[in-house]
Structure formats: structure tokens, C-alpha cells
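In what follows, a single structure is set out as C-alpha cells and then discussed.
Residue numbers (this note's numbering): 51 to 279.
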């Protein structure tokens, strides 16, 4: 049983596809009900066991309600993939960045992941098993920080910190928490010039969602290899 946020298109949709193909029952979530329903239809046409639930990750109460529903209807959650994200400041500099843009970006990219971790972690702890995957970005790596999109970069750096902190809290459990970067992928955000396919971008998240017991904890990955924070 897996749940993926921000999954109506792009990387999130492909993560659902690959997890479904691996035999998981997948809960595809999206803020927009119409887009989510269309994505659900595509995956069901492929014969995958996928359900759809609306979820605005910026609303912690909504995340908690969904966790209660998942528990009641499915009884467990094996993998949570925090994919929902926005990028709304590509041409800004730190000097010009509107604080409201930064707040809005953090609400989705950082707090959205936090809300979902807090809502769904109790299910994983109760069953003694879980995999949490935070879809980050190389643009949030301290080794890659540079010009352009400072709000987005800050949000992904903060998501990386959340990953490390939560992983440390869970280090003596079988709930594994890791982050990954898709690389530059041909999505609406990445553009057509990007060298990597959506399937390539999603693959490491799927691998992390299916890690065996004793797998890595609190690490950052690209293409199944550790990536610098």
C-alpha cells in the first residue's frame, strides 16, 4: 500500500504507475479533483490497482482526515511519497524575492511534506514498517546552490533537513526516511530540453519506496546512488 502526493501528472503520476506495476495498491492524491480523476483513469486503463483521493497538503487537518480514511479502508500504509511541490519564483534573486512567494513555496514544499509525515507516520509505527520518500531536488543541495529560484531552492534544502531529522528520530525503527532528486526531467517544469525521461526521474523514488529491511536511512539519492546534501 503506497500513497503519493501531487500525483496528477509528471513525476508523481509516473511514481504511481511504477509502484502499481510492482504490485502495490496505490492511493493517488492531488489537490485538483478533475486532474486527479483523469490521472486515475489513465492508470486504471493500464490495469493498475489505483485509488484517488483529493489532498491539499498545505492543510494539516485534511492530511489527518485522509490518514484516518486510509487506516479504516485499507488498514495499513507501507510507503509515503511526498512529491507535491510548486516552483513559482524562477526569475527571482534573493535580493528581489517576495517573502509571500517564499511563504507559499514553503507551505507546499516543506510544510506539506511535514503534514503528511505527521499524519501517516502513526500507521507505519503501529505496523512496525514504513518507507517515507521525500522528492527533493539537486537545486536544494548545498553543493549545487546557485542563481535562480531562491524560494524553491530554500524549500528543498529545508526538505532535506526535515528528511535527516525525521530519519534520526526513527533510526531504531523499521521506518526508513530518505530523499531523492529526479535530475533534470522532461516535465512541465523541466521543459522539453531536459535530457531525462519522466520514467527515469521517477525510478529512484520507487526504489526507495520498496527498500528492504536494513536499507539506507536519512540519505539523499540520485539514480540509486548517494547524492551530496
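Where is the CB? At the ideal position from N, CA and C, for every residue including glycine.
Are residue 209 and residue 184 touching if we call contact CB-CB under 8 Å? A contact, by the Cβ cut-off of 8 Å.
Checking 8 Å against the spacing of the C-beta atoms, do residue 260 and residue 72 come in under that value? Taking 8 Å as the cut-off, the beta carbon of residue 260 is found closer than this to the beta carbon of residue 72.
Taking C-beta to C-beta, are residue 108 and residue 158 nearer than 8 Å? Cβ distance < 8 Å, so residue 108 and residue 158 count as in contact.
Using beta-carbon positions only, say whether residue 65 and residue 256 come within less than 8 Å of one another. yes
Does the distance from the CB of residue 90 to the CB of residue 102 come in under 8 Å? yes
Residue 196: buried (16+ other C-beta within 10 angstroms of its C-beta) or exposed? Flag for residue 196 reads exposed.
Buried versus exposed call for residue 277 [16 or more other C-beta atoms within 10 Å across all chains shown]: Buried.
Considering only the alpha carbon of each residue, which of 268, 243 and 201 lies closest to residue 189? 201
When burial is assigned at 16 or more other CB atoms within 10 Å of the CB, is residue 186 buried or exposed? buried
What distance in whole Å lies between the Cβ atoms of residue 53 and residue 127, which are believed to be in contact at a cut-off of 8 Å? 6 Å
Candidates 140, 68, 271 and 152, of which the one nearest residue 249 by Cα: Selection 140, 68, 271 and 152 evaluated against residue 249 yields 68 as nearest (Cα-Cα).
Do residue 138 and residue 147 count as a contact pair if the criterion is CB distance below 8 Å? In this structure, residue 138 does not lie closer than 8 Å to residue 147 by Cβ.
Identify, in the order they occur along the chain, each residue of the same chain with its Cβ nearer than 6 Å to the Cβ of residue 111, setting aside the five sequence neighbours on each side. none
Quick one: what's residue 229 bridged to in DSSP? 184 and 270
Where do the ends of the beta strand (DSSP E) carrying residue 79 lie? Residue range 76-80 is occupied by the beta strand (DSSP E) that includes residue 79.
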